[in-house]
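Trainee: Numbering (our numbering), first residue to last: 1496 to 1746.
Glycine is no exception: its CB is placed at the ideal position from the N, C-alpha and C atoms.
The structure is given below, and queries will be raised subsequently.
Have a look at this one:
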């Protein structure tokens, strides 16, 4: 009986697990980059305000991708931006997944704003704050695929076990890393977007990312045995829209 009690005590309360809805944004071909940034900001206010399910969103961050040349050469600008929507908890995922495909007003605006509907490039994740700190203007977003021979549990366990050593070897904390959030995939992702984890690495500025370049490359290199870097995606982004507090910071 004691063993059963211990197991109950070790169970995770999913109501307390922070979660995020994350989507990769590519602008509509008719929009310039500047036009897209403005229209994307406006999209945050369209279509969801009257639907009660939108209350499952605790915070929103729109992150616009920068040209990484001269900042972080291993990064790309093949996507125009990343949306980070912090949810109330992991239990918010079904409501947001249904809202994503049922909100006709938002869908119509998506067709004018993005290359494809948001449902075509969205991930739902469980979030974990790995390095506590304030949000900053710039986020390096690392969308990671594990090596195919590794099971998900093995990948995340190995990542956890090596993190402290890898972080120390990279010197990222000394090089200006202010905050780190790991978002682990839950559920079925949109086709073509099956990333196992989305890491948010927060820095004070683009110059700070450039200064930390060697540390970032060292850290990514130390993950070569577990991550498929060739099929992962690295973006250097600037926050252009910020609504609400960040949920993992308060958990």
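Which word fits residue 1606, buried or exposed, when buried means at least 16 other C-beta atoms lie within 10 angstroms of its C-beta?
Mentor: Exposed: under 16 other Cβ atoms inside 10 Å.
Trainee: Residue 1714: which of 1654, 1702 and 1618 sits nearest, CA to CA?
Mentor: It is 1654 whose Cα lies nearest to the Cα of residue 1714.
Trainee: Is it the case that the region 1618 to 1625 contacts the region 1666 to 1684, given that we only count it when at least three CB pairs across the two stretches are under 8 Å?
Mentor: Touching, yes.
Trainee: By the DSSP assignment, the alpha helix (DSSP H) with residue 1601 in it spans what residues?
Mentor: It spans 1599 to 1608 - the alpha helix (DSSP H) in which residue 1601 sits, taken as one unbroken run.
Trainee: By the DSSP assignment, the alpha helix (DSSP H) with residue 1521 in it spans what residues?
Mentor: Note, residue 1521: premise wrong, no alpha helix (DSSP H); not H, not E.
Trainee: Jot down the residue ranges of each uninterrupted beta strand (DSSP E) in the region 1527 to 1553, minimum 3 residues, whole runs only, in chain order.
Mentor: Listed in chain order, nothing qualifies, since the region 1527 to 1553 has no complete beta strand (DSSP E) run of 3 or more residues.
Trainee: I'd like to know if residue 1708 contacts chain D, where contact means its C-beta is closer than 7 Å to some C-beta of that chain.
Mentor: The structure shown contains no chain D, having only a single protein chain.
Trainee: My output table needs one value for residue 1461: the three-state DSSP class, helix, strand or coil.
Mentor: Because residue 1461 is not part of the residues shown, which for the chain are 1496 to 1746, the question remains open.
Trainee: Does DSSP classify residue 1669 as helix, strand or coil?
Mentor: Correct three-state label for residue 1669: coil.
Trainee: Check each candidate in 1560, 1703 and 1565 and name the one with the smallest Cα separation from residue 1668.
Mentor: Among 1560, 1703 and 1565, the Cα nearest to that of residue 1668 is on 1703.
Trainee: Exposed or buried, residue 1720, counting other C-beta atoms within 10 Å across all chains shown (16 or more means buried)?
Mentor: With fewer than 16 other Cβ atoms within 10 Å, it is exposed.
Trainee: Below 8 Å CB to CB, which residues in the same chain sit around residue 1571 once its five sequence neighbours on both sides are set aside?
Mentor: Taken in chain order, the residues that qualify are 1563, 1728, 1729 and 1730.
Trainee: Output yes or no for whether 7 Å exceeds the beta carbon distance between residue 1522 and residue 1734.
Mentor: No, Cβ-Cβ distance for residue 1522 and residue 1734 is not below 7 Å.
Trainee: Taking the continuous alpha helix (DSSP H) assigned at residue 1614, which residues delimit it?
Mentor: Careful: residue 1614 lies outside any alpha helix (DSSP H) and carries neither H nor E.
Trainee: According to DSSP, simplified to helix, strand and coil, what is residue 1627?
Mentor: Three-state result, residue 1627: coil.
Trainee: Rounded to a whole number of angstroms, what is the C-alpha to C-alpha distance between residue 1746 and residue 1536?
Mentor: Note on residue 1746: pLDDT 43, under 50, position unreliable in the model; the coordinate value appears next. Cα-Cα distance, rounded: 27 Å.
Trainee: Using beta-carbon positions only, say whether residue 1584 and residue 1512 come within less than 7 Å of one another.
Mentor: Cβ distance < 7 Å, so residue 1584 and residue 1512 count as in contact.
Trainee: Tell me whether residue 1528 is buried or exposed, calling it buried when 16 or more other Cβ atoms sit within 10 Å of its Cβ.
Mentor: With fewer than 16 other Cβ atoms within 10 Å, it is exposed.
Trainee: Are the beta-carbon atoms of residue 1558 and residue 1732 separated by less than 7 Å?
Mentor: Yes. Within cutoff.
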